[in-house]
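Trainee: First the structure, which I've put down as structure tokens, then a few questions once you've had a look.
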Amino acid sequence: MSEQAQERRSNSKDDDRIPEADSKIDHASSIKYWSKAPATANAMLGDLGNFPWYSRIDLRGSANFLAKVRRLLPSINIVMTADGDDDDDRKCKLGVDCGAGVGRVTTGFLSHVCEVVDAVEPVEKFADVLRQATSSSSSSSSPHSDTSSTSRDIYVTGLENWIPTKNYDLIWCQWCVGHITDAQLTTYLLRCRESLIATGGIMVVKENISTDPNGEDMYDDLDSSVTRSDQKFRKIFKEAGMALITSEVQSGFPKKYKLLPVRSYALRPNSLSTND
Numbered sequence: 002m003s004e005q006a007q008e009r010r011s012n013s014k015d016d017d018r019i020p021e022a023d024s025k026i027d028h029a030s031s032i033k034y035w036s037k038a039p040a041t042a043n044a045m046l047g048d049l050g051n052f053p054w055y056s057r058i059d060l061r062g063s064a065n066f067l068a069k070v071r072r073l074l075p076s077i078n079i080v081m082t083a084d085g086d087d088d089d090d091r092k093c094k095l096g097v098d099c100g101a102g103v104g105r106v107t108t109g110f111l112s113h114v115c116e117v118v119d120a121v122e123p124v125e126k127f128a129d130v131l132r133q134a135t136s137s138s139s140s141s142s143s144p145h146s147d148t149s150s151t152s153r154d155i156y157v158t159g160l161e162n163w164i165p166t167k168n169y170d171l172i173w174c175q176w177c178v179g180h181i182t183d184a185q186l187t188t189y190l191l192r193c194r195e196s197l198i199a200t201g202g203i204m205v206v207k208e209n210i211s212t213d214p215n216g217e218d219m220y221d222d223l224d225s226s227v228t229r230s231d232q233k234f235r236k237i238f239k240e241a242g243m244a245l246i247t248s249e250v251q252s253g254f255p256k257k258y259k260l261l262p263v264r265s266y267a268l269r270p271n272s273l274s275t276n277d
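This is how it looks when you write it as structure tokens:
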């Protein structure tokens with residue numbers, strides 16, 4: 002076979018390959034979809050927002066997961082009981098809620114474990130709700146208020162463009178990385194890694210996991226997002242120099258609804274893990 006024929010055959014094989022799911026992601030379409038959604042906590046959960054138990058189970062699971070991470074890494078300056086309440090006055094100094102929406106996770110969870118919680122949110126009308134909540138909590142705060150300590154900076158941008166300018170103790174990223182490509186997720190993690198090194202902090206990624214029978218990522222054209230496989234996440238974490246501390250599947254959701262599994266990953270820069 003001539004070199005030209007081999008090249009044509011190789012190109013033909015390349016053309017026949019199924020494109021990666023993340024190649025279909027369109028940021029503009031994602032923003033357009035979410036901009037049409039009501040700026041409410043329920044809307045952030047899609048159809049599942051109609052079930053109060055869903056958010057309650059999710060937030061409790063997040064609190065339990067972080068408590069487990071805290072026990073694995075006692076140097077982390079976060080102390081929580083199993084139900085998510087503080088068991089003393091120590092809190093994470095600075096956290097950030099990535100893909101914050103209207104602040105469901107910040108209000109229901111992060112405000113209990115962080116003195117200050119910044120927010121990253123690309124949809125302007127959701128960011129407006131965050132601003133209003135910050136202004137309201139600042140003017141009516143009291144020593145016993147859950148949100149009195151969470152006055153924050155709000156970054157109206159996508160994760161693919163966000164560059165941390167602070168050193169965070171806790172970066173919480175939930176149900177949002179499906180809107181960025183694999184390459185963008187890797188570079189996003191690299192930037193987050195740098196902001197964690199100075200504090201010795203951690204990052205938690207909590208996302209739906211693909212159930213594709215072939216182990217492939219799944220694309221959803223409704224909101225132009227990708228649901229990645231567990232294997233894909235672990236591969237990207239490794240490429241970004243993030244060590245996986247622990248990981249677990251969220252429990253407690255009723256099986257009759259046949260929901261996608263939700264998995265949490267606790268990450269730390271490799272350089273920190275090797276020093277523990």
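Each residue of the sequence shown is one higher than the one before, counting from 2 in our numbering. For each residue, glycine too, the CB sits at the ideal point set by N, CA and C. Remember, it's a predicted structure, so these values are computed and weren't measured experimentally.
Counting pairs of Cβ atoms below 8 Å between the segment 119-129 and the segment 92-101, do you hit three or more?
Mentor: In short, these stretches touch, since the Cβ pair count reaches three.
Trainee: Should the segment 228-242 be called in touch with the segment 151-166, which here means at least 3 C-beta pairs below 8 Å?
Mentor: No, the segment 228-242 does not touch the segment 151-166.
Trainee: Mapping DSSP to helix, strand and coil, what is Cys115?
Mentor: In this structure, Cys115 counts as strand in the three-state DSSP scheme.
Trainee: At which residue ranges does the segment 200-258 contain complete alpha helix (DSSP H) runs of 4 or more residues, listed in the order of the chain?
Mentor: Segments of the alpha helix (DSSP H) lying fully in the segment 200-258: 231-240.
Trainee: State whether the segment 257-265 contacts the segment 190-201, with contact taken as three or more CB pairs (one from each stretch) at a distance under 8 Å.
Mentor: Cβ pair count under 8 Å is below three, so no.
Trainee: For Ser225 and Pro165, what's the separation of their Cα atoms in angstroms?
Mentor: Their Cα atoms are separated by approximately 25 Å.
Trainee: Thinking just about the alpha-carbon of each residue, which of Val206, Asp222, Pro214, Leu223 is nearest to the one in Thr247?
Mentor: For the residues Val206, Asp222, Pro214, Leu223, the minimum Cα distance to Thr247 belongs to Val206.
Trainee: Just reading off the beta strand (DSSP E) that Tyr266 is part of, what are its end residues?
Mentor: Counting along the chain, the beta strand (DSSP E) containing Tyr266 begins and ends at 263-270.
Trainee: Which residue marks the beginning of the beta strand (DSSP E) containing Ile58, and which one marks its end?
Mentor: Careful: Ile58 lies outside any beta strand (DSSP E), inside the alpha helix (DSSP H) at 53-73.
Trainee: Name the one or two DSSP bridge partners that Leu95 has.
Mentor: Beta-bridge pairing links Leu95 to Val117.
Trainee: Tell me which same chain residues have a C-beta within less than 7 Å of the C-beta of Ser31, skipping the five on either side of it?
Mentor: Result list for Ser31: His180, Asp224, Ser225, Ser226, in chain order.
Trainee: To the nearest angstrom, report how far apart Ser274 and Ile172 are at their CA atoms.
Mentor: Near 17 Å, if we compare the C-alpha coordinates of Ile172 and Ser274.
Trainee: Beta strand (DSSP E) containing Leu171: first to last residue?
Mentor: Leu171 -> beta strand (DSSP E) spans 171-175.
Trainee: May I ask which residues mark the beginning and end of the alpha helix (DSSP H) holding Arg194?
Mentor: Its alpha helix (DSSP H) spans residues 183-198.
Trainee: If you drop the 5 nearest sequence neighbours on each side, which residues of the same chain put their C-beta closer than 6 Å to that of Tyr189?
Mentor: Closer than 6 Å at the Cβ level, and outside the excluded window around Tyr189, lie Leu160.
Trainee: Buried or exposed, going by whether 16 or more other CB atoms sit within 10 Å of the CB of Asp87?
Mentor: The predicted model places Asp87 with a pLDDT of 45, which falls under 50 and marks its position as unreliable; any figure quoted below should be read in that light. Exposed.
Trainee: Would you identify the three-state DSSP class for Ile155, choosing helix, strand or coil?
Mentor: Looking at Ile155 - three-state DSSP - the assignment turns out to be strand.
Trainee: Find out if the Cβ-Cβ distance for the pair Val114, Thr41 is shorter than 8 Å.
Mentor: No, these two residues do not count as a Cβ contact at 8 Å.
Trainee: For Arg72 and Leu268, what's the separation of their Cα atoms in angstroms?
Mentor: If I take the Cα positions, the gap works out to 14 Å.
Trainee: Are the beta-carbon atoms of Asp222 and Thr228 separated by less than 8 Å?
Mentor: Contact: no.
Trainee: Quick check on the burial criterion: 16 or more other C-beta atoms within 10 angstroms. Buried or exposed for Ala83?
Mentor: Only weak support exists for where Ala83 lies, its pLDDT of 43 falling under 50; the value from the coordinates is given anyway. Result: exposed.
Trainee: Let me know the secondary structure DSSP gives Lys25 once reduced to three states.
Mentor: Helix.
Trainee: Looking at Leu67: is its Cβ nearer than 8 Å to the Cβ of Tyr55?
Mentor: No, they are not a contact pair.
Trainee: Go through its chain and collect everything with a Cβ distance to Glu125's Cβ below 8 Å, but skip five positions before and after it.
Mentor: Around Glu125: Ser36, Val157.
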